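Numbering (the working numbering), first residue to last: 325 to 695. Structure, as structure tokens:
Okay, structure coming up:
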């Protein structure tokens, strides 16, 4: 009241008049202020979509062995940081070294056998040429003996002997053909086929390659950079091929999966800006972008989906996964997979002014312009 008295004294008016003018101004301006503020809230309401059903995600890789055997080395433990290519564990390699040596020896044996088969084939071809000449000679000899028999120069015994010799030579020729066929079959029906392309050699070589591959897999390397999790291995422990041993959480790009209610997805689109607040760092805000919107609600992929066609039905608002990618660095402060976050998406949506207000303002404007 002292302030009003001073103002009235300065302006030369009574305190009561000043109080009346102030009260009247508030009564007139109050509705205007409420209307303006309410209009702003209405126009901008629904622009920001917020949810706390959101979590940080990162690449998670399950490490398993491709071969079986006891562990000879374990180089990592729980939460050990690793770089892609680092040796994680090693499986006892003695049996696989033996396998490599055995398969290399098998390759050498097969190579030797193929070369021997080639030599035998060439030898059989040469033998056949000799047999052909022998058959040709004995046929001529039989013809000569038969001619001499017709002239009475020789006896029938000489002809029989010549015929017998020819039959033996023809039999040897047939046997030579059989041996050539067998030798040719051992060479893959192609005597000129290189040793390295022979099916037997390729089979032995494949076994050697497999043995070397398994030997190489006794050393398990980190497929990517990250942090080792859920490991409890000890030297001497037996691991089985395909058995999950531990995991690696990747240290690369992380993202956020936000589960938005279907009623909030109306104006959410890919590429919209967003902010992310992490519960662990209450005073830090990360910028992000909407990178994708799920094609189905989470319940569609549940093991036991809801059967709404039977029993009493209760409508439940479904949630759709929305993925957001960070624009800011996630290294400082460090973000970890599974952290809870609050996501706010700016949809840039603006509500339109209702028609009745638009018509009222237009009518008011016309009345003010009318003279």
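Using N, Cα and C, we set each Cβ at its ideal position, and we do this for glycine too. Keep in mind it's a predicted model, so treat the numbers as computed, not measured.
Could you pull the DSSP bridge partners for residue i from this structure?
i, result
"residue 625", "Bridge partners of residue 625: none, in fact."
"residue 584", "644"
"residue 609", "601"
"residue 384", "573"
"residue 668", "374 and 599"
"residue 552", "572"
"residue 545", "411"
"residue 654", "Looking at the DSSP assignment, residue 654 forms no beta bridge with any residue, so it has no partner."
"residue 616", "647"
"residue 518", "According to DSSP, residue 518 bridges with nothing at all."
"residue 563", "393"
"residue 638", "According to DSSP, residue 638 bridges with nothing at all."
Hey, could you find the ends of the beta strand (DSSP E) residue i is sitting in?
i, result
"residue 376", "372 to 381"
"residue 397", "393 to 398"
"residue 589", "From DSSP, residue 589 is part of no beta strand (DSSP E); its letter is neither H nor E."
Less than 8 Å between the beta carbons of residue i and residue j, yes or no?
i, j, result
"residue 372", "residue 660", "no"
"residue 536", "residue 424", "yes"
"residue 455", "residue 493", "yes"
"residue 578", "residue 650", "yes"
"residue 666", "residue 598", "no"
"residue 384", "residue 638", "no"
"residue 490", "residue 452", "no"
"residue 576", "residue 406", "no"
"residue 587", "residue 641", "yes"
"residue 600", "residue 648", "yes"
"residue 378", "residue 582", "yes"
"residue 569", "residue 387", "yes"
"residue 584", "residue 594", "no"
"residue 611", "residue 390", "no"
"residue 524", "residue 438", "yes"
"residue 621", "residue 644", "yes"
"residue 417", "residue 539", "yes"
"residue 528", "residue 431", "yes"
"residue 548", "residue 408", "yes"
For residue i, which residues in the same chain have their Cβ closer than 7 Å to its Cβ, ignoring the five residues on either side in sequence?
i, result
"residue 469", "478, 482, 483 and 486"
"residue 472", "478"
"residue 507", "441, 444, 445 and 448"
"residue 413", "395, 397, 398, 399, 544 and 557"
"residue 699", "In the structure displayed, the chain extends from 325 to 695; residue 699 sits before or after that span and is not available."
"residue 480", "473"
"residue 652", "610 and 611"
Kindly list the residues whose CB is nearer than 6 Å to the CB of residue i, restricted to its own chain and excluding five residues on each side of it in sequence; keep chain order.
i, result
"residue 402", "555"
"residue 603", "664"
"residue 656", "none"
"residue 521", "none"
"residue 462", "489, 490 and 493"
"residue 374", "668"
"residue 559", "395 and 398"
"residue 571", "384, 386, 553 and 554"
"residue 515", "445"
"residue 562", "394"
"residue 532", "427, 428 and 431"
"residue 404", "552"
Which stretch, first to last residue, makes up the alpha helix (DSSP H) that contains residue i?
i, result
"residue 491", "480 to 510"
"residue 449", "418 to 475"
"residue 526", "523 to 540"
Keeping to the same chain, check which residues put their C-beta closer than 8 Å to that of residue i; ignore five residues upstream and five downstream.
i, result
"residue 596", "613, 614, 669, 670, 671 and 672"
"residue 504", "445, 448, 449 and 452"
"residue 606", "none"
"residue 534", "427"
"residue 567", "388 and 389"
"residue 608", "601, 602 and 657"
"residue 511", "438, 441, 442, 445, 517 and 522"
"residue 500", "448, 451, 452 and 455"
_Validate contact between the stretch 457 to 473 and the stretch 554 to 566 using beta carbons, cut 8 Å, 3 pairs_ = Not touching, per the Cβ criterion.
*Would you check if there are 3 or more beta carbon pairs closer than 8 Å linking the stretch 645 to 665 to the stretch 389 to 400?*
Contact annotation: the stretch 645 to 665 does not touch the stretch 389 to 400, with fewer than three C-beta pairs closer than 8 Å.
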